[in-house]
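Novice: Before anything else, here's the structure in question.
Number of protein chains: 2
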Amino acid sequence: MNAKTKGEIAQLIAHLKQRFGDRCALGQAIRDQHGKDVSFHPTRPPDAVVFAQSTQEVAAVVTLCHASSIPVIPFGTGTSCEGGVGAIEGGICIDLSHMSAILQVNTADFDCRVQAGVTRKQLNAELHGTGLHFPIDPGADASLGGMASTRASGTNAVRYGTMRDNVMSLQVVMANGEVIETGGRAKKSAAGYDLTRLFTGAEGTLGIITELTLRQHPLPECVSAARCGFPSLEAAIETVIQVIQAGIPLGRIEFLDELQVTACNRYSKLDLPEMPTLFFEFQGSPASLAEQVEMVEAIADDNGGAGYTSATTTEARAQLWQARHDVWWAALALRPGCQGIPTDACVPISKLGEAAAAAQQDVLDLGLIAPMCGHVGDGNFHLCIVVNPDDAEEMSRAEDLNARLMRRAISLGGTCTGEHGIGYGKLDFLELERGLSMHAMVAIKRALDPRNIMNPGKVLRFAAVP
Amino acid sequence: MNAKTKGEIAQLIAHLKQRFGDRCALGQAIRDQHGKDVSFHPTRPPDAVVFAQSTQEVAAVVTLCHASSIPVIPFGTGTSCEGGVGAIEGGICIDLSHMSAILQVNTADFDCRVQAGVTRKQLNAELHGTGLHFPIDPGADASLGGMASTRASGTNAVRYGTMRDNVMSLQVVMANGEVIETGGRAKKSAAGYDLTRLFTGAEGTLGIITELTLRQHPLPECVSAARCGFPSLEAAIETVIQVIQAGIPLGRIEFLDELQVTACNRYSKLDLPEMPTLFFEFQGSPASLAEQVEMVEAIADDNGGAGYTSATTTEARAQLWQARHDVWWAALALRPGCQGIPTDACVPISKLGEAAAAAQQDVLDLGLIAPMCGHVGDGNFHLCIVVNPDDAEEMSRAEDLNARLMRRAISLGGTCTGEHGIGYGKLDFLELERGLSMHAMVAIKRALDPRNIMNPGKVLRFAAVP
Chain A
1 MNAKTKGEIA QLIAHLKQRF GDRCALGQAI RDQHGKDVSF HPTRPPDAVV FAQSTQEVAA
61 VVTLCHASSI PVIPFGTGTS CEGGVGAIEG GICIDLSHMS AILQVNTADF DCRVQAGVTR
121 KQLNAELHGT GLHFPIDPGA DASLGGMAST RASGTNAVRY GTMRDNVMSL QVVMANGEVI
181 ETGGRAKKSA AGYDLTRLFT GAEGTLGIIT ELTLRQHPLP ECVSAARCGF PSLEAAIETV
241 IQVIQAGIPL GRIEFLDELQ VTACNRYSKL DLPEMPTLFF EFQGSPASLA EQVEMVEAIA
301 DDNGGAGYTS ATTTEARAQL WQARHDVWWA ALALRPGCQG IPTDACVPIS KLGEAAAAAQ
361 QDVLDLGLIA PMCGHVGDGN FHLCIVVNPD DAEEMSRAED LNARLMRRAI SLGGTCTGEH
421 GIGYGKLDFL ELERGLSMHA MVAIKRALDP RNIMNPGKVL RFAAVP
Chain B
1001 MNAKTKGEIA QLIAHLKQRF GDRCALGQAI RDQHGKDVSF HPTRPPDAVV FAQSTQEVAA
1061 VVTLCHASSI PVIPFGTGTS CEGGVGAIEG GICIDLSHMS AILQVNTADF DCRVQAGVTR
1121 KQLNAELHGT GLHFPIDPGA DASLGGMAST RASGTNAVRY GTMRDNVMSL QVVMANGEVI
1181 ETGGRAKKSA AGYDLTRLFT GAEGTLGIIT ELTLRQHPLP ECVSAARCGF PSLEAAIETV
1241 IQVIQAGIPL GRIEFLDELQ VTACNRYSKL DLPEMPTLFF EFQGSPASLA EQVEMVEAIA
1301 DDNGGAGYTS ATTTEARAQL WQARHDVWWA ALALRPGCQG IPTDACVPIS KLGEAAAAAQ
1361 QDVLDLGLIA PMCGHVGDGN FHLCIVVNPD DAEEMSRAED LNARLMRRAI SLGGTCTGEH
1421 GIGYGKLDFL ELERGLSMHA MVAIKRALDP RNIMNPGKVL RFAAVP
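Sequence lines, in order, name chains A and B.
Numbering-wise, the first sequence is residues 1 to 466 according to our numbering.
Numbering-wise, the second sequence is residues 1001 to 1466 according to our numbering.
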């Protein structure tokens, strides 16, 4: 899209002020806060922030922006990792956090209807006592609209899938202001194009998600946990493959490399053996749990596992998993005052050993500090590259590391992003990964947002249709 | 698209003959066979059938058709249910059944790569001995390309999901002849628009699937089965809801209504009590199976279940499930010489009792014979309307019944098709169900197939861009 003149934007803002009063904010602090997520990408403030309270209000803002071809950027909690909320071409940010009503909980159908600003913890608090939960857990207490937009997942994905698998239908405000509903409440459907999945992961570039119908899952009858160290990364990964191949229905299976364990020991005052370590969570009935724990111990043992420890009570489990929960802060504590850059490669499990070992070698070669953790049941691993953001040369080495990881993941049949999304940080790598299929993505973008007003500059490169 | 002149089509066919020789078939019998699926929709033969042997050949045919704006219809095994293969605007049928190579089986990653013409039974035969299987089972031994195209599912969906959940990536020939790959082999990805899901269920209207990367699943350690009668449809449905709410990981849960049980008794010489009946399949370890069977029996008992019977050996299980396996033929045998029309409503489980009871009442009101079976764990149920196809008045009552079922399913938050797709039999109902979101579907169709050559007239109404 062509850069809008200040006059055009001022005119639009005047309209918005008239309609939304104080809920149209122009202050620098609020604009800055809305132009930045948790990533290292610089703040790109929008020209104004509208705090919407209803789908109709979102549609009204989009309609006005559409008329003037001015960008619209949706904002949930600002916990994305690839600059997804930056107003890189200016425009109006629509903050959806006030749209936080849980509209329906259908316990018999294991589904619910929420506004896009509801956060996952808020939903789970509401579900308390129903025997159901919403298990997708990206770490942050993100908004469900934002989680759908980035196709988020996290530690539970090995059992429950990602947002892709747990969104049943979306209400979406389209670029022309039209409000559509992408699906229904049936557990399955063969009715037409899968628009629900198309908008899930589109990062607001095709429309703004305003309401969601989500699947819920029965709470597991019992939960237990285990932890085990391994002589090598390869031995740990081989354990993961065998556990999954055995059909053991794990709740979570997480990996920490040696440096990450060291970091956690220091940060959380633990004394775990400083070796590659797996963390397991088991879910099921008491009898099935006992079986699972025993089978996993046997497999770990076959692979040279050391210090296999399990726990059943909530408190003991939390203690056993402590190191896993602290990874981010423990990593940052390795270099006080520094910043973390999270990488997000995901590969077929059989390639995980190769990808992870090569990543560790890259870290050494580039002289960086970057402990590793991973949702290894999915082949997804993160480095937390701990850097001094004021050291341009070091930042450039960090960028190089991230690029190597992504290129390698792609060459191994994997992806440059398992769960963080593209934002504007990974445009080049999406093109590398998806090749000619970018033509289809661009054609879809052109079809649904010809004026390129929906979160422009994200996911793909596209210029408005003249 | 505008009707093509005979001359234009003759010219194209001459080209195809030159390139494909005998693999470009013009005989009436072959054309008729390719213009008909298992539905009651009349035969709509294509102008020619090309038996493709490679993606390059498919791309070559599509490129030629694109140049002349002549329709292309993909054909797998012809086992679709809504006229999906009918050449309703004429054109060239591409038969993919010769593209039947299993290209890769990655047992460590639980994935495989197949050509689109591979059937599900062929794939499972290949997987024999690996400890893995491909569980999606729509009944027919359909091609995997066709199953992806219609987003097929079947009895296993309650545990393994549908094709939507089991396709990891697709190779697709686009309308302009370009060949794209929609995804990779990572278990999850947040990389760009979900084209894999977009082509899954698009019924060949956006492109032709030529290869698939599919997920596989570990074979269950043990399997057992059970069957139980209920005093009423409501009691059976309530049992289903409670079993699922208890988090019991069923392999299958199927329902037969009283008339269907009667039909099966007659057809298969059984003596099941003629009452609404549930069929269960359990999967897991021995200890977990024992628990599951016991829990389900207790829940069935609470709901007035009678004659709860379980079985563990393969032979005993087959016998226990005999009636379920025979439903279609048993239904047809109620009126020898007649034909079956399968309906395919799917609703939220809490509405299943209401939808199924109303369906039975409709059958009575309309004086039809239509036993019911259902994948009730998904809220999906089928009537087999047994009709005399030569009796126009009866056929019109059958159509009325189907319409009532679809309207009711939609009004209950469900869908007009759980697993059969839209074809050209359900265009009106898709529009009713999806409302304004049809605009987005049409925009996508226009973007990816502006000349409307890809299986035109299916899924949605669209005229070529002038």
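Ideal Cβ positions, reconstructed from N, Cα and C, are used throughout, including at glycine.
1) My guess is that A:His-98 and A:Gly-117 are in contact by the Cβ rule of under 8 angstroms, so how many angstroms apart are they, rounded?
2) Kindly say whether A:Thr-79, judged by its beta-carbon, lies nearer than 8 angstroms to any beta-carbon of chain C.
3) If you scan the segment 1102-1190 of chain B from start to end, which runs of the alpha helix (DSSP H) of 4 or more residues do you find wholly inside it?
4) Mind checking if B:Ala-1060 is an interface residue toward chain A, Cβ cutoff 8 angstroms exclusive?
5) State buried or exposed for B:Asn-1002, treating a residue as buried only when at least 16 other CB atoms are found within 10 Å of its CB.
6) Whole angstroms is fine: what's the gap from A:Phe-134's alpha carbon to B:Pro-1042's?
7) Starting from B:Asp-1095, follow its DSSP beta bridges and name the residues at the other end.
8) With DSSP as the reference, label A:Arg-461 as helix, strand or coil.
9) From the DSSP output, in three-state form, read off B:Val-1038 for me.
10) Using a 10 Å radius around the Cβ and a threshold of 16 neighbouring Cβ atoms, would you call A:Arg-468 buried or exposed?
11) Between the C-alpha atoms of A:Leu-270 and A:Ala-323, what's the straight-line distance to the nearest angstrom?
12) Thinking C-beta only, is A:Lys-445 closer than 8 angstroms to A:Glu-82?
13) Relative to the C-alpha of A:Leu-144, which candidate in A:Asn-166, A:Gly-129, A:Val-158 has its C-alpha closest?
14) Which of the three DSSP states, helix, strand or coil, is assigned to B:Ile-1422?
15) To the nearest angstrom, how far is it from the Cα of B:Val-1158 to the Cα of B:Ile-1349?
16) Return the residue from the list B:Val-1327, B:Ile-1088, B:Glu-1238, B:Leu-1332 that minimises the CA-CA distance to B:Met-1454.
17) Given that A:Asp-470 touches chain B, what residues does it touch there, using C-beta distances under 9 angstroms?
18) In terms of alpha-carbon separation, which member of A:Ser-100, A:Gln-245, A:Val-386, A:Cys-264 lies closest to A:Glu-274?
19) Just curious, the alpha helix (DSSP H) that B:Thr-1043 is in, first and last residue?
20) Going by DSSP, what residue range makes up the beta strand (DSSP E) through B:Phe-1381?
21) Does any residue of chain B have a CB that is nearer than 8 angstroms to the CB of A:Met-1?
22) Could you tell me which chain B residues have their CB closer than 7 angstroms to the CB of A:Ser-189, listed as they occur along the chain?
23) Just tell me which of A:Val-49, A:Gln-53, A:Gly-78, A:Asp-400 has its CA closest to the CA of A:Cys-65.
24) Counting C-beta neighbours from all protein chains within 10 Å, is the total for B:Asp-1141 16 or more, i.e. buried, or is it exposed?
25) Mind checking who A:Pro-218 pairs with in its DSSP beta bridge?
26) Mind checking B:Ala-1125: buried by the 16 CB within 10 Å criterion, or exposed?
27) Starting from A:Ile-250, trace the beta strand (DSSP E) in both directions and tell me its first and last residue.
28) Any C-beta of chain B sitting closer than 8 angstroms to the C-beta of A:Ser-153?
29) Distance, Cα to Cα, B:Met-1372 vs B:Leu-1256?
30) Are the beta-carbon atoms of B:Ser-1153 and B:Ile-1136 separated by less than 8 angstroms?
31) Would you verify that the beta carbon of B:Asn-1455 is, or is not, closer than 8 angstroms to some beta carbon of chain A?
32) Any contact of the segment 1382-1395 of chain B with the segment 1428-1441 of chain B, i.e. 3+ C-beta pairs under 8 angstroms?
33) Using a Cβ-Cβ distance under 8 angstroms, would A:Val-363 count as near chain B?
34) Residues in its own chain within less than 6 angstroms of B:Phe-1279 by CB, not counting five upstream and five downstream?
35) Between A:Asn-380 and chain B, is there a C-beta pair that is closer than 8 angstroms?
36) Whose Cβ in chain A lies nearer than 8 angstroms to the Cβ of B:Asn-1106?
Specialist: A quick look at the data gives this:
1) Here A:His-98 really is in contact with A:Gly-117; their C-beta atoms are around 6 angstroms apart, less than 8 angstroms.
2) The displayed structure is made up of protein chains A and B, and chain C is not among them.
3) As far as the segment 1102-1190 of chain B is concerned, its whole alpha helix (DSSP H) runs of at least 4 residues are 1120-1127, 1144-1149, 1157-1160, 1163-1166.
4) No - not a single Cβ of chain A is within 8 angstroms of the one on B:Ala-1060.
5) Confidence at B:Asn-1002 is low in this model, with a pLDDT of 46, below 50, so its placement is unreliable and the value that follows should be read with caution. With a 10 Å radius around the Cβ and a threshold of 16 neighbouring Cβ atoms, B:Asn-1002 comes out exposed.
6) So the two alpha carbons sit approximately 46 angstroms from each other.
7) DSSP links B:Asp-1095 through a beta bridge to B:Phe-1051, B:Phe-1075.
8) Here A:Arg-461 carries a coil assignment [DSSP, helix/strand/coil].
9) Coil.
10) The first residue shown for chain A is 1 and the last is 466, placing residue 468 of chain A beyond what the model contains.
11) The alpha-carbon atoms of A:Leu-270 and A:Ala-323 are separated by roughly 8 angstroms.
12) Cβ atoms of A:Glu-82 and A:Lys-445: not closer than 8 angstroms.
13) The option with the nearest alpha carbon to A:Leu-144 is A:Asn-166.
14) Here B:Ile-1422 sits in coil by DSSP.
15) Distance between the alpha carbons of B:Val-1158 and B:Ile-1349: 12 angstroms.
16) That would be B:Ile-1088, whose Cα lies nearest to the Cα of B:Met-1454.
17) Given that chain A is displayed from residue 1 to residue 466, the structure contains no residue 470 of chain A and the question cannot be resolved.
18) Among A:Ser-100, A:Gln-245, A:Val-386, A:Cys-264, the Cα nearest to that of A:Glu-274 belongs to A:Cys-264.
19) Counting along the chain, B:Thr-1043 sits inside no alpha helix (DSSP H), nor does DSSP assign it H or E at all.
20) Judged by DSSP secondary structure, B:Phe-1381 falls within the beta strand (DSSP E) whose first and last residues are 1380-1387.
21) The predicted model places A:Met-1 with a pLDDT of 40, which falls under 50 and marks its position as unreliable, so this point remains unresolved.
22) What A:Ser-189 touches in chain B: Cys-1346, Thr-1415, Thr-1417, Gly-1418.
23) Taking A:Cys-65 as reference, the option from A:Val-49, A:Gln-53, A:Gly-78, A:Asp-400 with the minimal CA-CA separation is A:Val-49.
24) Counting Cβ neighbours within 10 Å, B:Asp-1141 comes out exposed, since fewer than 16 surround it.
25) Answer is A:Leu-132, bridged to A:Pro-218.
26) That one is exposed.
27) Here the sequence assigns Leu to residue 250 of chain A, which means Ile is not the residue at that position. Counted as a single uninterrupted DSSP element, the beta strand (DSSP E) harbouring A:Leu-250 occupies residues 250-256.
28) True, the Cβ-Cβ gap to chain B drops below 8 angstroms.
29) If you take the alpha carbons of B:Met-1372 and B:Leu-1256, they lie about 6 angstroms apart.
30) Yes, these two residues count as a Cβ contact at 8 angstroms.
31) B:Asn-1455 does not count as touching chain A.
32) Taking one beta carbon from each stretch, the segment 1382-1395 of chain B and the segment 1428-1441 of chain B have fewer than 3 pairs nearer than 8 angstroms; the two do not touch.
33) Chain B, which has no Cβ nearer than 8 angstroms to the Cβ of A:Val-363, makes this no.
34) Once the five neighbours on either side are set aside, the close Cβ partners of B:Phe-1279 are Arg-1227, Glu-1254, Trp-1321, Arg-1324.
35) By this cut-off, A:Asn-380 is an interface position.
36) Result: Pro-348, Ser-350.
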